[in-house]
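Residue numbers (my numbering): 341 to 569. Where a beta carbon is used, it is the ideal one built from N, C-alpha and C, also for glycine. Here is the structure we will look at.
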Ligand code: 6GU
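Here it is in structure tokens:
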């Protein structure tokens, strides 16, 4: 998969992309992530990327020209067309199902905004879909893009070692993950459930299913009702 990110703050991505699973996935060629700085595409000498909203109101709005120029440059870096995604709190809410859907694409092009928002012509003109990572406002789309990229890349074949498969993750079957334990057997008086030490794989699998269902009912009943809140 190829992932392009258009942003005013490419440095914000360096640490999350430079560690652990995302780092390994790039090194092994499972994903290629290319950061492009929208500011490099500003033509005026002040390097202005935002301006006051027409009609008045607080804050600044991302201007269309640098974003379009950056996009048109980035688009040509690969023959693959790609799916264009604008990160904005107004977008459709991102979830596991969306992550699975995006993980099947050959190319994703993310555009992270800053300020009060994007000039509307950016969404319209680029035919972008909009994604949000939840009902709260972040200072910019960068953290949201990183969240989406991380969750999509871990679903790509080979991104996780055998030891950290995603198939038992929370949400992969619509339920929260079952409780996990490691050594020691007893920690500060708290004991690992006997069944996990029994070696009976059938019983362990059933216990895990029961626990996953039990905690989903208790902590996230909305997941069982199938509502998306
Ligand atoms: Cl994608 N962007 C911003 N700025 N805030 C958000 C968001 C995105 N998703 C949730 N809050």
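- For residue 472, the distance from the CB to the nearest heavy atom of the ligand 6GU is below 7 Å.
- For residue 387, no beta strand (DSSP E) segment is defined, and its DSSP state is neither H nor E.
- When the Cα atoms are used, residue 411 and residue 360 turn out to be separated by approximately 29 Å.
- Taking residue 499 as the centre and dropping the five residues before and after it, the same chain places the C-beta of 361, 365, 370 and 493 closer than 7 Å to its C-beta, in chain order.
- In the three-state DSSP reduction, residue 375 falls in the strand class (E or B).
- Contact between the segment 441–452 and the segment 463–482 is present: three or more C-beta pairs spanning the two stretches fall below 8 Å.
- Rounded to the nearest angstrom, the gap between the Cα atoms of residue 386 and residue 451 is 22 Å.
- Shortest gap from the CB of residue 429 to any heavy atom of the ligand 6GU: under 7 Å.
- Judged by the Cβ position, residue 480 qualifies as a neighbour of the ligand 6GU at the 7 Å threshold, a heavy atom of the ligand being closer than this.
- Within the DSSP secondary-structure output, residue 344 pairs in a beta bridge with 374 and 449.
- One alpha carbon belongs to residue 426, the other to residue 506, and they sit about 26 Å apart.
- Ranked by how close their Cα comes to the Cα of residue 342, the residues 533, 415, 521 and 558 have 415 in first place.
- Around the Cβ of residue 350, a 10 Å sphere holds 16 or more other Cβ atoms; the residue is buried.
- Here residue 482 is buried. Its C-beta has 16 or more other C-beta atoms within 10 Å.
- Residue 454 and residue 393 have their C-alpha atoms spaced approximately 14 Å apart.
- Ranking 447, 381, 413 and 490 by CA distance to the CA of residue 363 puts 490 first.
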